[in-house]
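*Asks:* Positions 498 to 1000 (my numbering) are the ones given, in order, by the sequence shown.
I'd like to ask some things about the structure below.
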Amino acid sequence: MTLNDHNKSLSGSDWTRPKRFDRNLVVIGAGSAGLVSAYIAAAAKAKVTLVEANKMGGDCLNFGCVPSKALIKSAKVAHQMRHADHYGLESVEPKVPFSAIMERIHRVIAEIEPHDSVERYTGLGVEVLQGYAKLIDPWTVEIALNTGGTQRLTTRSIIIATGAQAFVPPIPGLAETGYLTSDTMWERLRDRRAVPQRLVVLGGGPIGCELAQSFARLGSEVTQIEMAPRLMMREDQDAATLVEASMKADGVKVLTSHKALACGADASEKWIEVERDGAKFRIGFDEIIVAVGRAPRLRGFGLEDLGIKVDRVVETNEYLQTLHSNILAAGDVAGPYQFTHVAGHQAWFAAINALFGDLKRFKADYSVIPWATFTDPEVARVGLSEAEAKEKMIPHEVTRFGIDDLDRAIADGSAHGFVKVLTVPGKDKILGATIVGDHAGDLLAEFVFAMKHGHGLGKILSTIHIYPTLAEANKLVAGQWRRNHINGFLLSLLERFQTWRRG
Ligand SMILES: Cc1cc2nc3c(=O)[nH]c(=O)nc-3n(C[C@H](O)[C@H](O)[C@H](O)COP(=O)(O)OP(=O)(O)OC[C@H]3O[C@@H](n4cnc5c(N)ncnc54)[C@H](O)[C@@H]3O)c2cc1C
498 MTLNDHNKSL SGSDWTRPKR FDRNLVVIGA GSAGLVSAYI AAAAKAKVTL
548 VEANKMGGDC LNFGCVPSKA LIKSAKVAHQ MRHADHYGLE SVEPKVPFSA
598 IMERIHRVIA EIEPHDSVER YTGLGVEVLQ GYAKLIDPWT VEIALNTGGT
648 QRLTTRSIII ATGAQAFVPP IPGLAETGYL TSDTMWERLR DRRAVPQRLV
698 VLGGGPIGCE LAQSFARLGS EVTQIEMAPR LMMREDQDAA TLVEASMKAD
748 GVKVLTSHKA LACGADASEK WIEVERDGAK FRIGFDEIIV AVGRAPRLRG
798 FGLEDLGIKV DRVVETNEYL QTLHSNILAA GDVAGPYQFT HVAGHQAWFA
848 AINALFGDLK RFKADYSVIP WATFTDPEVA RVGLSEAEAK EKMIPHEVTR
898 FGIDDLDRAI ADGSAHGFVK VLTVPGKDKI LGATIVGDHA GDLLAEFVFA
948 MKHGHGLGKI LSTIHIYPTL AEANKLVAGQ WRRNHINGFL LSLLERFQTW
998 RRG
């Protein structure tokens, strides 16, 4: 059944559309998607209410990007102290008062908090209500206020921006043994004086890798368990290999192709049982972080009762509208990506379509979506990977530049990684780029811009890049592409011309 058919079948329902509305828009959830949606609506002079049940700023500020990047920074400093001899200094084993690191993480959150605060958004013209929102009908939202009591609002449009939460797999004994997730660890580990001595990280995706490497650098004995044959399955093998090697060098025991079977505790320790090729064994731990993915928050606030499909994500069309065209979704809850910048990007489409969709609608544009994993080395990607291009049989050429050859990287002692660009055969049109190395997430911006605006490698090559910078790698890969496409006939003509000029 298409959304339209489904819509028709629901049209006989007994919900009555109000003649007048209290609001133009109610946004549910004040994470990246909800904040941006509300901001855009207020800028368009709409009467908008933003409802948040928990913390303003959502996952990114409180449990995700911000605390994890603050942790990564502390871990990197510890790593540099340990390896100071690489820079001509005396190495020292860092003392790690973990509670001070956690305190810093919470200070960082507090410093960024005002950007997402009730005060800021109120000042921007958004009404912010702190409470749990529930859809009563396609135009009515009921909010159970955190201060007590409820408030009902009618609204022309609604944006669902309820995000995602850590997915916890049904491993026997896990709940009883106790576990941490990225949602709980920042509070639960807050007052710990020392890092967990033996830490298991379940999951080899971006969050698992970032956390496993950080804790290893801070002194935990980390075992990382991943069912797939390698870490970071979404990235190309060459990228994942460099990350895995770096993590192993940091002391992470990486167990790929290992399935978690059960958890438990006996008199001496907590353990997890894993299996590889039929062989089972146990790993003892003090703490386990479950990082196997994030599940959208879909149920319990009325979507199902309105007939909206909530199997995996909130089902929407290309305009981010659900089967009720005035109810839209953005961010992690809508998929297909789970990134802060994508949530913000979708929010523009959701807000504009929510407010003006009956006049003009815009399709959410996923043509150029970048992301990064902030391991050391970082892995950043936009567009096609090599593996995807092969799998989808998309004709492509690959050009690589090794960062081990880059002057600035050599001077910095970070001469590892690569820039890999996929182009249309015979043309400089960029299909995708992967960068592995220091600041890869920042370096990628040039390719994101080029792809977004249809610029090819030739334009990057003709752009002056400051010497010596890491960004020169982008120009150098473009130069490599040019050398691969030298016109041999033209060169031989040139050679003959120069010979003739010498007389
Ligand atoms: C450890 C970790 C690291 C990450 N690192 C990065 C990174 O480096 N870069 C990046 O781009 N992304 C990163 N992410 C992902 C990023 O945090 C999410 O993609 C982003 O927060 C999604 O924003 P959102 O608005 O969709 O949802 P959220 O931020 O989850 O916000 C949803 C909000 O809705 C509220 N809510 C839910 N239901 C209701 C209801 N019924 N009523 C009222 N309020 C409700 C919730 O309380 C929540 O605050 C990371 C995530 C994690 C966990």
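Idealized CB from N, CA, C, for every residue including glycine.
Once you ignore the five residues that flank residue 933 on each side, which residues in its own chain have a CB closer than 6 Å to its CB?
*Replies:* Position 436 of the sequence shown, counted from the start, is the residue given in the question as residue 933. These residues qualify, in order along the chain: 736, 739, 874, 876, 914 and 915.
*Asks:* Which residue from 699, 728 and 725 puts its Cα closest to that of residue 719?
*Replies:* If you number the sequence shown from 1, residue 719 lands on position 222. Checking every option, the nearest Cα to that of residue 719 belongs to 699.
*Asks:* How about residue 920 and residue 893: do their beta carbons lie closer than 8 Å?
*Replies:* Looking up residue 920 in the sequence shown gives position 423. Looking up residue 893 in the sequence shown gives position 396. Contact flag set, yes.
*Asks:* Using a threshold of 7 Å, is the CB atom of residue 549 nearer than that to any non-hydrogen atom of ligand 1?
*Replies:* On the sequence shown, position 52 is the one that residue 549 refers to. It does: the Cβ of residue 549 is within 7 Å (strictly closer) of some heavy atom of ligand 1.
*Asks:* With a threshold of 7 Å, establish whether the CB of residue 810 neighbours any heavy atom of ligand 1.
*Replies:* Counting from 1 along the sequence shown, the entry for residue 810 is found at position 313. Checking every heavy atom of ligand 1 against the Cβ of residue 810, none is found closer than 7 Å.
*Asks:* Measure the CB-CB distance between residue 805 and residue 817 and report whether it falls below 8 Å.
*Replies:* Locating residue 805 in the sequence shown gives position 308, where the first residue counts as 1. Locating residue 817 in the sequence shown gives position 320, where the first residue counts as 1. No, the pair does not count as a contact, with Cβ atoms beyond the cut-off.
*Asks:* Does the beta-carbon of residue 527, which I'm using as the reference point, lie nearer than 7 Å to any heavy atom of ligand 1?
*Replies:* For this step, residue 527 is matched to residue 30 along the sequence shown. Within the cutoff, so yes.
*Asks:* Pick from 732, 708 and 714: whose alpha carbon is nearest that of residue 722?
*Replies:* On the sequence shown, position 225 is the one that residue 722 refers to. Looking at the Cα atoms, 708 is the closest of the given residues.
*Asks:* So is residue 981 buried or exposed if we call it buried at 16+ other beta carbons inside 10 Å?
*Replies:* For the purposes of this step, residue 981 is taken as the residue at position 484 of the sequence shown. Exposed, by the Cβ-count rule.
*Asks:* Three or more beta-carbon pairs under 8 Å between the region 753–762 and the region 626–638, yes or no?
*Replies:* Counting Cβ pairs under 8 Å, fewer than three are found: no touch.
*Asks:* Classify residue 654 as helix, strand or coil using the three-state DSSP reduction.
*Replies:* In the sequence shown, the residue the question calls residue 654 occupies position 157. If DSSP states are grouped into helix, strand and coil, residue 654 belongs with the strands.
*Asks:* Among all the DSSP beta bridges, which residues are the ones paired with residue 734?
*Replies:* Sequence index remark: in the sequence shown, residue 734 carries index 237 (1-based). According to DSSP, which records beta bridges pairwise, residue 734 is partnered with nothing at all.
*Asks:* Hey, how far is the Cα of residue 607 from the Cα of residue 689?
*Replies:* Locating residue 607 in the sequence shown gives position 110, where the first residue counts as 1. Locating residue 689 in the sequence shown gives position 192, where the first residue counts as 1. Near 19 Å, if we compare the C-alpha coordinates of residue 689 and residue 607.
*Asks:* Using the Cβ count rule (16 or more neighbours within 10 Å means buried), how would you classify residue 576?
*Replies:* Here residue 576 is taken as the residue at index 79 of the sequence shown, counted from 1. Burial call: buried.
*Asks:* Closer than 7 Å: is that where the CB of residue 805 sits relative to any heavy atom of ligand 1?
*Replies:* Within the sequence shown, numbered from 1, the residue matching residue 805 stands at position 308. Because no heavy atom of ligand 1 lies under 7 Å away, the Cβ of residue 805 does not count as near it: no.
*Asks:* Identify, in the order they occur along the chain, each residue of the same chain with its Cβ nearer than 6 Å to the Cβ of residue 696, setting aside the five sequence neighbours on each side.
*Replies:* For the purposes of this step, residue 696 is identified with residue 199 of the sequence shown, where counting begins at 1. Hits under 6 Å: 712, 717, 719 and 784.
*Asks:* Is the beta carbon of residue 581 closer than 8 Å to that of residue 588?
*Replies:* Locating residue 588 in the sequence shown gives position 91, counting from the first residue. Locating residue 581 in the sequence shown gives position 84, counting from the first residue. In contact: residue 588 and residue 581 (Cβ atoms closer than 8 Å).
*Asks:* Less than 8 Å between the beta carbons of residue 912 and residue 943, yes or no?
*Replies:* Working through the sequence shown from its first residue, we reach residue 912 at position 415. Working through the sequence shown from its first residue, we reach residue 943 at position 446. Cβ atoms of residue 912 and residue 943: not closer than 8 Å.
*Asks:* How about the region 840–854 and the region 650–660: do they share at least three Cβ pairs that are nearer than 8 Å?
*Replies:* Taking 8 Å as the limit for Cβ pairs, the verdict is that the region 650–660 does touch the region 840–854.
*Asks:* Give me, in chain order, the residues of the same chain whose beta-carbon lies closer than 7 Å to that of residue 936; leave out the 5 immediate sequence neighbours on both sides.
*Replies:* Numbered from 1 along the sequence shown, position 439 holds the residue referred to as residue 936. Contacts found: 875 and 967.
*Asks:* In terms of alpha-carbon separation, which member of 774, 727 and 668 lies closest to residue 706?
*Replies:* Locating residue 706 in the sequence shown gives position 209, counting from the first residue. Comparing Cα-Cα distances from residue 706 to each of 774, 727 and 668, the minimum goes to 727.
*Asks:* Using the Cβ count rule (16 or more neighbours within 10 Å means buried), how would you classify residue 666?
*Replies:* In the sequence shown, counting from the first residue as 1, residue 666 sits at position 169. With fewer than 16 other Cβ atoms within 10 Å, it is exposed.
*Asks:* Let's test the definition: count the other Cβ atoms within 10 Å of the Cβ of residue 506 and tell me whether it reaches 16, buried, or not, exposed.
*Replies:* Within the sequence shown, numbered from 1, the residue matching residue 506 stands at position 9. Its pLDDT being 46, under 50, residue 506 is placed unreliably in this model, and the coordinates cannot settle the point.
*Asks:* For residue 598, count neighbouring C-beta atoms within 10 Å of its own C-beta (all shown protein chains included) and say buried if the count is 16 or more, exposed if not.
*Replies:* The residue you call residue 598 lines up with position 101 of the sequence shown. Label assigned to residue 598: buried.
*Asks:* Under the rule that 16 or more other beta-carbon atoms within 10 Å means buried, what is residue 971, buried or exposed?
*Replies:* In the sequence shown, counting from the first residue as 1, residue 971 sits at position 474. So residue 971 counts as buried.
*Asks:* Among 983, 807 and 516, which one has its Cα closest to the Cα of residue 651?
*Replies:* Counted from its first residue, the sequence shown places residue 651 at position 154. Measuring from the Cα of residue 651, the nearest candidate turns out to be 516.
*Asks:* By DSSP's criteria, residue 773 is part of a beta bridge. Which residues make up the other side?
*Replies:* Reading the sequence shown from its first residue, position 276 is the one you call residue 773. Partner(s): 776.
*Asks:* So, does the region 608–625 touch the region 537–547, judging by three or more C-beta pairs under 8 Å?
*Replies:* The region 608–625 is in contact with the region 537–547.
*Asks:* Does the beta-carbon distance from residue 554 to residue 527 come in below 8 Å?
*Replies:* Residue 554 sits at position 57 when you count from the first residue of the sequence shown. Residue 527 sits at position 30 when you count from the first residue of the sequence shown. Against a cut-off of 8 Å, the Cβ pair of residue 527 and residue 554 comes out as a contact.
*Asks:* Could you give the residue range of the beta strand (DSSP E) that holds residue 604?
*Replies:* What you label residue 604 is simply residue 107 of the sequence shown in a count that begins at 1. First-last for residue 604: 595–609, but that is the alpha helix (DSSP H), not the beta strand (DSSP E).
*Asks:* Among 975, 792 and 522, which one has its Cα closest to the Cα of residue 848?
*Replies:* Here residue 848 corresponds to residue number 351 of the sequence shown, with the count starting at 1. Per the Cα distances, 522.
*Asks:* Please give the ranges of any alpha helix (DSSP H) in the region 820–867, keeping only runs that are unbroken, at least 4 residues long and fully inside the region.
*Replies:* Listed in chain order, the complete alpha helix (DSSP H) runs (minimum 4 residues) inside the region 820–867 are 837–853.
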